[in-house]
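Protein chains in written order, with this note's numbering: chain A, 1 to 175; chain B, 1 to 100; chain C, 1 to 521; chain D, 1 to 461; chain E, 1 to 625.
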């Protein structure tokens, strides 16, 4: 049973990965932005699953919270706001469709060759001991609090920036 | 193929798919989403390595990427709004006035 | 030490003058002109002090200033006089006031900027001559381009933009390759001799393999050959001369072209002696080609300035021939020819400017019989023409004669370099061709039926006469009594000869000497 | 962790942050805050002074081991970069008398400072993003022409791609060396493993993208053209400086071996040629500067071929010379009510007659950018190519120099317009403005200082 | 300042004073300076001659100053006075002074009087430099300098383009010769290491100059001589040089400058004695020139042109003498020629003066009675040149004919034959000239005839003096005087017997010429006209001087211009060099356009470029990794 569970782990992992891949691929072919968004969301959720299976629960949580919860919601709003205006509807793909696809395959291959020929190092820690939330938090607040601070500066800057853009928007309205 | 390899390949694929999406899709919002996809690929790669090596730093970087991605989108969407105001279309090909 | 101060003063006076001009309020052109002339005269007088104090028998630098500048790169600030540059420095300071005065009535727009640029170019040219550090030299060498670019481009003729850009790009191309060679040279000096230095004196110590020498010489030579200019790198010169304002032409012909030959003499050849000796026959052929080619082209020009421009190409061919001959006579002759050409071609361009101010055309066909209308002008013109032809008693003869003599010496006798005898022989035909085009020019210009564009014109005024009297006096002085000048350059000529004649590839014996011993152990 | 050490070491950053906060408070407090410019200038200048002071006292240490450290070269770099920002800010008076421009510039500068001290990929990543994110907005700020948003989007998307590529590389590096410290890049450089190689390429590509190296340069001309003059100056100088400083940090003192050396030579070489040639026919000053900056990015990456120890010095020195001259050109540019008109090279015709001082300054800047001695641009170029040649890459150095020759023409064209052609008919240039002229004078003084005493500068870096 | 230096400097002083101040100080002053200084120079030369004699003919050397020192090599401005110099210096200063005096009358009306005298003094200065110079360098300075003075004086009336062109032609043709001279000088210097003429002669005679063949040097120097002394192929300038004022033609283009080549060869006899090949060339060229010029002179109608060709022809005689090693004889002919040819030219000047500037002998005739002094002196000089004994020309020409046959250094019957025939022609065309000018019916237009008058005493006086000198000059045996310096060649064995035959023959030839001329041109010259008609073709060739100028133009001048224009300028400069550069520039411009087109503004494309860049970089890393 434990064997099975272990295998179930792997199986789920593969399934999630496969689904994530399919969702990602779908993003390239779906016409409606909303559907693309949904595909992306599903991809993210599957990835969240993968993280969970890897034992990185907090990342999984953040993945769902920040990405799906914040970023994608924002995105979906934007789509809802803008999409009706997009009457063009015409071409889905740019003129560079085929070159792009060839490029895709080449790039993927180029990256993959890196892995294949040069396997990543074997897991160092015991397989059953992935670090948990507590260890991560400790590290984060002891070793990496600088980055925490810096992130806040960055968010501050982003807020100012976003405000500025919105102001421009407003100015545009008036002028 | 062991799972780490598989996940890394998946990460690479997501990255490549994202980049390709930026190249081949005309809709601006879709392009932005494809950018997110690239970052997701990166995240997956980092997370997997963090998992295999059991070190926290990769995970910390993933965390930072979340934040930055959110910030970028927060700026990108208003810019797109500005764009659309002008030409009323999301087709990026319409926005190629600067050239030469 | 006092001399060192004087030299610095001579060098920086124009720069100070340029800054001071900026302070003169706009619109007071007269004040600008007078001020510039005054500064230039003072500079010339100061340089005469240097000339008088120059010790012909003392080796090495005189009136030198040595300061560290960028120690990390081995760049130092060294300026000083030696036999190589003393005459060129005097030539530059001598022409300065003449150019300034000559432009009084010609330049009426942007007067301030014009004289600022004249000051700047004066500074850059002097700097090029007195710099004794390769980095410093290169700075001055390139800096000279900028004022010239503006002088041609702002105050030039119809096609000035084309001409000035051509001038700049042509010269800059050579400089870029030279820069590469400079860097390589200094680096290899460091890697072979362990010295990080740009000082000329140190660079002469570099021992480079022949192959390297060839490449570096090619790069240096290209840069210098463009500046000289040697055929086939000369096509910028006629355009630049024709379009440049008079002052520009005078500076160009008078001093600027000498920077090329000076570069060959001070750097190009002595730094890479083995390659030079190897290339000497080819260089001699190119020099002779320049002599003949320039002369032939001067023959078929219809623009007055172009004739003189092409004649410059021809005359500088002699300088190169003299330098390549590695014969003491030829080297000394080359130096004299440099100075002489500066005076003569500079004078001719001044005179063309004077007539252009009056008649507003440079088309030779428009003129005729000036000797009747402008007798004084014609006398001076004829004197300079004949000096250009190299008539004995003028400075042109001194240079040409000694160069040809040196070339023959080198061709005939076993020497460090081989110059084919026929090359030296062909060089002599330049004497005939020179007479052909210059006299043809003078004849159409001065003699025959009177044809003066734009109506009756006045002969030279006092200012113009004074300029020309001074020039002509110098021309005759160097023609009749060249010894006092040549005494000052002799040591340098000898040093140059020795530097180029001695092999300087890395001593291969050292390596083979130690290796077997090590192998035995 | 010593709190005093942290506050001393990060004094420049803290000052910038204080500036941002002050500006925001001001913004909230009053709607038409004229004090924004002086406040921003004061804080940036103070930060620069602080950095210089740190450098002169020789403060060395790592308050956050493995994340953030400080040594005099880094301090001086910060000081130079921040000093360069002062004239940019001053020049912006007419364009952005108030508003978010200043906090955005200050936050971006914060990012640049961070880059100079970054010791790990995490810090570096944050620095890069902190530097870039405000710039997306700077591009469209003022919104002087309708295309600004388009340019901002292009920049954002490609910059995002660069970030992704950078992170991908970092991740692979993490995978192959197990650490995200900057030394791991040096390790990867030395490693024969393909994964490490891939990682290096991804990181280098990201730098190429951010620094606009051909063929990653697409965004640059458009973004430069669309942005307002101070923003363009900021991008061309400070963002580029940030990217290159980051790259220099990443490469460290590690020697560059052949396959990568080829990459670091060929693409920059192509950029030099491409940028210099494409600039020839540009009608707009900013687009021309964009292509010129593509070429300059090429020279800068050449520096990485050079010896490890001299690399940082060469890059920073070049950035200083290049930056000071670029800013000089932009600050001296007379203003014009129409942004597009201000940009047009045609309108520079006869500038010398109307604004002689401005024309002289722009002319100087052009010649310096072209690398004509005795202007400081030459010394910078000299240093780079000296290092490249000393590292044994003679052919690359010669090719690079020849490529740089191609650039002379279009710089000369600007001078030709200003000095040698009769005045443009349209005219309409506003007279030179006091503050911007002051900015030009600062640059002028700086460039003279660099030109006369390059040795003292070099000794500090 | 030594006496030799003084001789040289005096005319220079005249040049400077007249050139700078002449116009302001009036004609009297100009004449005084212009004639006075050469006269003093003549006196100084005489004094030197006496000193020389007093010193037992040991040469006087004098160094003015060191021109320059290069290493061990010193170039001195030094002078040298020996027997040869003495002869030349006396001729130059003597005849020169006379012609100056003559000029005061001839040029009296000219506006540029001062300029004229300045130039003439300048010429004398350079000529004396040439003659007195100790080294080839000084000689060369004078050599070039007289060319300059000649150029200035030929083109004296520069308002007329043709005259200016003649001056230019003279200068350039001379320059061609000078190039040869220079080459010779360089070769000598390379071989001997000095330009000091006494040294060089010594070196060559003692065989101390092995590195170089004397013939090469000899021929190179001779090329210089052909230029200055108007020998084939460089004689073409001399007839044109008649464009100058007539006294100039007398002084420069007859008496002094053109003999510089003869002087040079005689002076460098040390080389030629060791250069039989060069000597042969000289003799051949001299003979050919003499013959050719004489034939041309037959068909010329311009009084000065006839004299010019006669000068060329006489110079040919001198070179024949040089070629056979009779250097003294050549100098002897120089000496006699100076008198009679100067007299002829000045006489012609007087005629032209009388004829109000007319030079065509077809429009003269019957002048003998109207200008008797001119006629008598002219006739005497004609007789002298024709070789009628006991006039001076007889002696010198007879010596030349004799050595042409008998010299052990290349004399031959052929040479004698050619020279004798030439002598016949000489007598014939000279008497033709005399007849057409002075005898027969006046053919000038009335107005001119009305104005005919004898010249002022300043001119006729000079004519008389020169006529006397040409009459008696031959009694001074110059070859004998020069014997210690340049020995006469040995007579070929068995030739002594022919001496009187040659003497008799030459007298006969002279008389035959006289009679022939009288026969053909006596009366209305109808016989001559008949001959001319029957040989119309030959006459045209001769009248057009064998079309040599045209040939030169076709084969040298025009090809040179064509090469310069079409090959160098159009093909070389414009097409190859500038064409390449402009081509590169336009390639750059076009590339710029193409690169701009890459920048389409499409974000897709930019992103794609990024992708391509990444993939390419990755592939690059593998390929090289």
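Ideal Cβ placement from N, Cα and C applies to all residues, glycine included. Keep in mind it's a predicted model, so treat the numbers as computed, not measured.
Neighbourhood of residue 304 of chain D in chain C, by CB distance below 9 Å: empty, with the nearest CB roughly 17 Å away.
For residue 158 of chain C, there is no enclosing beta strand (DSSP E), since its DSSP letter is neither H nor E. Within the model, the alpha-carbon separation for residue 26 of chain A versus residue 14 of chain B is close to 12 Å. Per the coordinates, the alpha-carbon of residue 512 of chain E lies some 54 Å from the alpha-carbon of residue 396 of chain C. Ranked by Cα distance from residue 279 of chain E, the options E:423, E:318, E:299, E:257 are led by E:318. One thing to note: residue 382 of chain E has its Cβ no nearer than 8 Å to the Cβ of residue 459 of chain E. Residue range 60 to 70 is occupied by the beta strand (DSSP E) that includes residue 69 of chain E.
Excluding five sequence positions before and after residue 377 of chain D, the CB atoms of its chain that fall closer than 8 Å to its own CB belong to 321, 322, 325, 367, 368, 369, 370, 371, given in chain order. Residue-level contact check: residue 10 of chain A does not touch chain D, since none of the beta carbons of chain D fall below 8 Å from its beta carbon. Among the residues facing chain E, residue 154 of chain D is included, as its CB has a counterpart in that chain under 8 Å away. Beta bridge pairing from DSSP links residue 70 of chain C with C:75.
In the three-state reduction of the DSSP assignment, residue 246 of chain E falls in the helix class, which pools H, G and I.
Pairing residue 67 of chain A with residue 44 of chain A gives a Cβ-Cβ distance under 8 Å. Measuring C-alpha to C-alpha distances from residue 482 of chain C to each of C:218, C:49, C:33, C:340 identifies C:340 as the nearest. If you look at residue 357 of chain C, you'll find it in the alpha helix (DSSP H) that goes 328 to 359.
With three or more CB-CB distances shorter than 8 Å, the segment 215 to 222 of chain E counts as touching the segment 261 to 279 of chain E. Considering only beta carbons, the part of the segment 589 to 616 of chain E lying closer than 7 Å to chain B consists of 596, 599, 600, 601, 602, 603, 604, 607, 608, 611, in chain order. Across the structure, residue 85 of chain D and residue 234 of chain D are spaced so that their CA atoms are roughly 7 Å apart. If you look at residue 421 of chain E, you'll find it in the alpha helix (DSSP H) that goes 413 to 438. Annotation: residue 185 of chain E has no Cβ neighbours in chain D at a cutoff of 7 Å; minimum Cβ distance is about 46 Å. Residue pairing by DSSP places residue 129 of chain E opposite no residue, since no beta bridge is assigned to it. Relative to residue 370 of chain C, the option among C:363, C:378, C:364 whose CA is nearest is C:378. For residue 42 of chain A, there are no neighbours in chain E by C-beta distance under 7 Å, as the nearest C-beta there is about 25 Å away.
Listed in chain order, the non-local C-beta contacts of residue 15 of chain C below 6 Å within the same chain comprise 123, local neighbours out to five positions each way being set aside. Secondary structure note for residue 77 of chain E: it is in no alpha helix (DSSP H), and the uninterrupted beta strand (DSSP E) holding it is 73 to 81. Nearest to residue 363 of chain C by alpha-carbon distance, out of C:410, C:336, C:454, C:296, is C:454. Among the CB atoms of chain C, none fall inside 8 Å of the CB of residue 67 of chain D.
Here residue 57 of chain E is exposed: its Cβ has fewer than 16 other Cβ atoms, across all protein chains shown, within 10 Å.
DSSP, read as helix, strand or coil, puts residue 491 of chain E in strand. Taking C-beta atoms as the reference points, residue 96 of chain E and residue 256 of chain E count as a pair closer than 8 Å. Judged by beta-carbon spacing, residue 325 of chain E lies beyond the 8 Å limit of residue 396 of chain E, meaning their Cβ atoms are not closer than that value.
Apart from the 5 residues on each side of it in sequence, residue 214 of chain D sits with its Cβ closer than 6 Å to the Cβ of 270, 271, 274 in its chain, given in chain order.
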